[in-house]
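Take a look at the structure below.
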Amino acid sequence: MKYLEKLLNINRFLSTISSPNIHSVQAYISNINISDIFSITFDTPYETLPPLTRIDNTTEKILHLQYSHLTSAAVFSNGDCLLNSISLIFNANQTLALQFRLAMIVELMKFSDFYLGQKFFEENYYFSNVALDSAKNSDMPTTYNKEREYIGEIAYMSKSYRFCLIVGLYDLASVIQRPIMSIYPPTTSQLISSLYSKLIEPRIKTYDELEFQSIIRRMINLFSFIFGKRHLCFIIYNFGTAFGVR
9 MKYLEKLLNI
19 NRFLSTISSP
29 NIHSVQAYIS
39 NINISDIFSI
49 TFDTPYETLP
59 PLTRIDNTTE
69 KILHLQYSHL
79 TSAAVFSNGD
89 CLLNSISLIF
99 NANQTLALQF
109 RLAMIVELMK
119 FSDFYLGQKF
129 FEENYYFSNV
139 ALDSAKNSDM
149 PTTYNKEREY
159 IGEIAYMSKS
169 YRFCLIVGLY
179 DLASVIQRPI
189 MSIYPPTTSQ
199 LISSLYSKLI
209 EPRIKTYDEL
219 EFQSIIRRMI
229 NLFSFIFGKR
239 HLCFIIYNFG
249 TAFGVR
């Protein structure tokens, strides 16, 4: 399968003993375009639960406490749960997880200057233990503060069925070109809540800003959650999918 082969090649490149730097990462991925990965568009996500999709009753109980307007969909918990969720939202099934993983990796590699320039990517919280450990074992000269961790995270996520941390949500929002609302179950930890319960916006905003701000205000004031064209995707950490209507 061409998508799996590309991911394997990327993983081999990123996992070499003499670790690549961010410039060689960008050069390696320059000829792969996200638009060539998919045969679908992201214009019309499913607004209600697709046929034959089961409700995730466990997540539903948690959601109902604060997000009663949402319906939670069950996805395969095989390490691709985030990508299965996105596939379900846009394709009504979970068959595109591999393509979304490749698109996620391409986005992170190609636009690494943007992501590494974001303040939140300077925090260890956003990286897995694997990425943090790989950075300790590397003496590669760097341009950015967390460059080694960032490349280590991409290498880790470039293997199929590898769990994607919050880093994956940031670039997936850019892949699908719409915001993602990440919801973490109720917790007494303000740190966890601030990290994982948040609105994640895409790198390039292709939606109408005034309309979007109006939607956000209605969400906050009325708990009227929207899942629809040009609007929000809801991802329940770790990781289910929520469907809702106005």
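To get our numbering, take the position in the sequence shown, counting from 1, and add 8. Glycine is no exception: its CB is placed at the ideal position from the N, C-alpha and C atoms.
Asked, Found
"Output the boundary residues of the beta strand (DSSP E) element that contains I188.", "I188 to I191"
"Give the C-beta separation of V175 and E161 to the nearest angstrom, bearing in mind that I take them to be a contact with Cβ-Cβ under 8 Å.", "6 Å"
"Is I30 helix, strand or coil when you go by DSSP?", "helix"
"Between V83 and L96, which are expected to be in contact by the criterion C-beta below 8 Å, what is the C-beta distance as a whole number of angstroms?", "6 Å"
"Which residue wins for smallest C-alpha separation from Y60, given the options N99, S168 and I184?", "In the sequence under discussion, the amino acid at residue 60 is Leu, which differs from the Tyr named in the question. Minimum Cα distance to L60 is reached at N99."
"Consult DSSP for A82 and reduce its assignment to one of helix, strand or coil.", "coil"
"Nearest-angstrom Cα distance between S202 and E131?", "13 Å"
"Does any C-beta atom of chain C lie closer than 9 Å to the C-beta of F50?", "The structure shown has no chain C; it contains just one protein chain."
"DSSP three-state call for I63: helix, strand or coil?", "strand"
"Given that a residue counts as buried once 16 or more other Cβ atoms are within 10 Å of its Cβ, and exposed if not, what is T79?", "buried"
"Out of K14, S146 and L140, state which residue places its alpha-carbon closest to the alpha-carbon of D44.", "K14"
"Looking at the unbroken beta strand (DSSP E) that takes in L124, where does it start and where does it end?", "First-last for L124: S120 to L124, but that is the alpha helix (DSSP H), not the beta strand (DSSP E)."
"Please report the straight-line C-alpha distance between T150 and I30, rounded to a whole angstrom.", "8 Å"
"Looking at the structure shown, is S232 part of a helix, part of a strand, or coil, going by DSSP?", "Bear in mind that the predicted position of S232 carries a pLDDT of just 27, short of 50, making it unreliable; the figure below should be weighed with that in mind. Here S232 sits in coil by DSSP."
"Considering Cα atoms alone, identify which of A35, I208 and Q185 is closest to A111.", "Q185"
"Would you call P194 buried or exposed, if buried means 16 or more other Cβ atoms sit within 10 Å of its Cβ?", "exposed"
"Taking 7 Å as the limit between beta carbons, can you name the residues of its chain near D64, skipping five residues before and five after?", "S80, A81, A82 and G248"
"Could you give the distance in angstroms between the alpha-carbon of S190 and the alpha-carbon of I208?", "7 Å"
"Quick check on T196: buried or exposed, where buried means 16 or more other Cβ atoms within 10 Å of its Cβ?", "exposed"
"Taking S205 and Y192 to be in contact with their CB atoms under 8 Å, please state how far apart those CB atoms are, rounded to whole angstroms.", "4 Å"
"Here's the rule: buried if 16 or more other CB atoms are within 10 angstroms of the residue's CB, otherwise exposed. What is L199?", "exposed"
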